[in-house]
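Residue numbers (the working numbering): 4 to 411.
No residue lacks a Cβ here, since even glycine has one placed at the ideal position from N, Cα and C.
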Amino acid sequence: MSMTFLPVEEQLRIIMRGIEKIVPQEELRKKLQHSQDAGTPLRIKYGIDPTGIDVHLGHTVPLRKMRQFQELGHQAVIIIGNYTALVGDPSGRDEARSKQLTEAEVETNATTYLTQVGKVVDMSRAEVHRNGDWFGKMSFANVLSLCGRVTVAQLLTREDFAKRYRQEKPIFLHECLYPVMQAWDSVQIRSDVELGGTEQLYSFMLARDLQAQENLTQQIAVMSPILVGLDGVRRMGKSLGNYIGISESPYDMMKKFMQLPDNVMKMYFELLTEVPLDDVDRLLAGHLKAAKVTLAKLVIAQYHSAEDADAAAARWQAEIGGEALPTDIPNVILDARLLADRTITAVKLFTALNFCTSNGEARRLIQGGGAKLGEEKTAITAHDQQITVTDGMLVWAGKKKYCRVKLA
RNA sequence: GGGGGAGUACCCGAGUGGCCAAAGGGGCCAGACUGUAAAUCUGGUGGCGUAAGCCUUCACAGGUUCGAAUCCUGUUUCCCCCA
């Protein structure tokens with residue numbers, strides 16, 4: 004069956020948004036032209052390793068690109084790296100993955116992943132493969148033959164390996180196989196385009212080499228910039244704790260968005276929304292907090308609904324921006340036996356409520372002025388102050404931790 | 001198999017006999033300020049204690065010494081090089 008596509012230049016314009024690098028760029032135009040002439044879609048590859056269970060906004064950057072390709076009429080091919088996950092991606096890491104996953108863990112993760120990926124990519128029109136389907140069948144002799152296609156010197160041109168080598172940090176043998184495996188996936192599924200971050204350049208190029216050796220057409224690397232996390236500096240990642248997960252609640256996402264440094268908003272708009280870049284510039288020239296709220300709402304709405312996003316923004320404004328009390332104040336049980344004549348020492352109160360793990364920590368909190376009581380947030384000034392506890396009393400440990408005391 | 005190097009608090013990392021509960025940075029916590037829980041600035045960051053002070057910590061176990069993160073012995077883990 005033959006398909007019709009948008010004009011090549013129009014497609015390119017859509018594809019280029021938020022893309023850092025296309026290698027080789029001219030070839031993409033040719034591929035698109037060819038696809039249009041022949042009426043056949045391009046095969047777009049994106050591989051994910053089911054190493055964790057949380058898909059975060061960093062992952063959605065290439066996934067969104069995948070969705071755009073789908074809407075342009077091309078074929079999405081998702082690779083679940085159930086075998087590559089056993090190795091762990093060494094890209095951009097300066098040490099080996101510490102934990103080896105079992106096959107069972109990987110399988111559970113894969114299922115969860117696909118559900119989450121489905122929030123961005125149209126899974127009804129996507130092909131899904133597991134690279135275990137082909138790697139699992141390979142004999143040791145096959146593996147050796149694959150290894151024979153890549154030299155150690157080639158591997159050492161990778162910056163991450165080279166750096167570890169210079170710094171005398173360990174590089175394990177199985178890690179060396181990672182890029183080779185990833186490249187072999189491209190051969191197996193005959194990809195025309197591979198999506199990923201710029202740190203994947205090495206593997207993407209290796210895939211071109213292998214495809215050429217197999218007399219296949221070579222894939223084009225379409226690489227997104229690396230999305231920085233909430234700290235505004237390092238890449239968004241689970242291990243760094245600077246991520247926004249797409250399965251998080253609207254309000255949790257909202258809180259995290261509002262922590263973003265201002266100077267990364269432009270990147271977020273470009274990579275995570277459809278807002279035309281001219282409009283982005285206009286927004287950022289205006290009130291920055293308003294722009295951040297707009298950004299947060301647009302992204303949250305993609306994973307929840309516009310109403311949820313509005314509600315989350317309103318709640319944030321009320322509870323954190325404004326003076327209203329939080330709506331989710333937890334009750335914490337306080338053992339009445341700790342009280343003497345309805346009173347307790349301030350330090351003890353904070354440790355008993357599990358706000359502080361030691362008396363010293365509680366003392367510091369009080370000295371810093373973060374310990375407060377009641378609706379009107381009266382500060383506790385001395386760590387040995389006797390507090391008269393009433394049932395339902397509000398206790399604050401800084402701005403973020405609070406509870407109502409429940410006597411029991 | 002041989003040789004060399006290393007293991008310090010959440011992380012990185014200084015410290016080679018007392019002034020070390022241990023520099024500095026990062027992270028984290030709190031405060032001020034602000035349009036934000038951003039940025040910036042300030043303070044804090046082993047435990048117990050109202051305090052004076054006491055106790056535990058520098059891979060582990062012993063030892064030397066009035067006194068050890070620091071010296072010695074053994075154990076152990078890791079890295080690099082040569083084979």
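- Annotation for V278: F272 place their beta carbon closer than 6 Å to its own, counting only its chain and skipping 5 residues before and after.
- By the C-beta criterion, the stretch 222–231 is judged to be in contact with the stretch 61–79, since at least 3 inter-stretch pairs fall below 8 Å.
- Taken through DSSP and simplified to helix, strand or coil, M239 comes out as coil.
- Between I47 and F72, the alpha-carbon positions lie close to 8 Å from each other.
- Within the model, the alpha-carbon separation for A299 versus I249 is close to 12 Å.
- For N357, the secondary structure class from DSSP, reduced to helix, strand or coil, is coil.
- For the stretch 17–76, the continuous beta strand (DSSP E) assignments of 3+ residues that do not extend past its boundaries occur at 24–26 and 46–51, in sequence order.
- By the C-beta density criterion, M19 is exposed, having fewer than 16 other C-beta atoms within 10 angstroms.
- Taking 8 Å as the cut-off, the Cβ atoms of H59 and K241 count as close.
- If the five residues before and after K380 are omitted, its C-beta is found closer than 7 Å to the C-beta atoms of W399, all from its own chain and listed in chain order.
- Rounded to the nearest whole angstrom, the CA to CA distance from A365 to P333 is 20 Å.
- In this structure, DSSP gives H132 an extended state, which the three-state scheme calls strand.
- Shortest Cα-Cα distance from P182 to any of V196, R152 and K166 involves R152.
- Sorting V267, V236 and T43 by C-alpha distance to the C-alpha of F8 places T43 at the top.
- Taken through DSSP and simplified to helix, strand or coil, V398 comes out as strand.
- A315 counts as buried, since at least 16 other C-beta atoms from the protein chains shown sit within 10 angstroms of its C-beta.
- Taking the Cα of D40 as reference, the smallest distance to any Cα among P264, Q28, P10 and D57 is reached at P10.
- Within the stretch 117–199, the complete alpha helix (DSSP H) segments at least 4 residues long are 135–138, 143–150, 155–158, 162–169 and 176–192, listed from N- to C-terminus.
- Non-local C-beta neighbours of M256 in its own chain, meaning closer than 6 Å and more than five positions away in sequence, comprise I247 and I303, ordered along the chain.
- For A349, same chain residues with a beta-carbon under 8 Å away, outside a window of 5 residues either side, are A365, I369, A374, I383, A385, H386, D387, Q388, Q389 and I390 in chain order.
- The C-beta distance from A186 to L213 rounds to 5 Å, short enough to fall under 8 Å.
- In the assembly as shown, G21 is a buried residue. Its beta-carbon has 16 or more other beta-carbons within 10 Å.
- Taking the CA atoms as reference points, V335 sits about 18 Å from N362.
- Residue nearest to E217 within the set N112, L149, H177 and C179 is L149 (criterion: CA-CA distance).
- Shown here for T160: same chain residues with a beta carbon closer than 8 Å to its own, the five before and five after excluded, namely Y205 in chain order.
- Between the C-alpha atoms of M208 and A79 there is a straight-line separation of about 20 Å.
- For V131, same chain residues with a beta-carbon under 6 Å away, outside a window of 5 residues either side, are I81 in chain order.
- According to the DSSP assignment, A374 belongs to no alpha helix (DSSP H) but to the beta strand (DSSP E) extending over A374 to L376.
- Q203 places its beta carbon 8 Å or farther from that of R211.
- Beyond the five residues adjoining it in sequence on each side, V190 comes within less than 6 Å, by CB distance, of L213, Q214 and E217 in the same chain, given in chain order.
- DSSP, reduced to helix, strand and coil, places V296 within a helical segment of the structure shown.
- Around the Cβ of N245, a 10 Å sphere holds 16 or more other Cβ atoms; the residue is buried.
- Note on K402: under 16 other CB atoms within 10 angstroms of its CB, so exposed under the neighbour-count rule.
- At the C-beta level, L89 and Q14 stay beyond 8 Å of one another.
- Taking the C-beta atoms as reference points, P264 is found no nearer than 8 Å to D311.
- Per the DSSP secondary-structure output, L410 pairs in a beta bridge with L337.
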